[in-house]
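K.L.:
Before I ask anything, here is the structure I am working with.
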């Protein structure tokens with residue numbers, strides 16, 4: 001079974017109810033924990049960012065405008 005080093009998740013919780021959103025985030029965290037997989041999570045949801053991210057990159061029109069550790073924000 002392959003365990004890729006990176007999982008790209010583009011808006012994985014968009015338009016989901018709160019319960020389903022929680023299940024998706026728990027599953028992503030389990031993958032990260034069990035396999036040491038890095039997750040590139042694309043989202044506009046600040047709550048998801050606070051719960052999931054270690055680092056944040058803010059982009060505008062395809063350009064990186066800010067990069068920081070979540071704890072610094």
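Numbering (the working numbering), first residue to last: 1 to 73. All C-beta atoms, glycine included, are put in the ideal place defined by N, C-alpha and C.
1) Is it right to say residue 52 is buried, meaning 16 or more other beta carbons lie within 10 angstroms of its own, or is it exposed?
2) Just reading off the alpha helix (DSSP H) that residue 34 is part of, what are its end residues?
3) Kindly indicate which three-state DSSP category residue 51 falls into: helix, strand or coil?
4) Alpha carbon to alpha carbon, what distance is there between residue 10 and residue 43?
5) Classify residue 48 as buried or exposed, calling it buried when 16 or more other Cβ atoms lie within 10 Å of its own Cβ.
P.N.:
Let me spell this out:
1) So residue 52 counts as buried.
2) 18 to 35
3) The answer is helix: DSSP assigns residue 51 an H, G or I state.
4) 7 Å
5) By the 10 Å Cβ count, residue 48 comes out buried.
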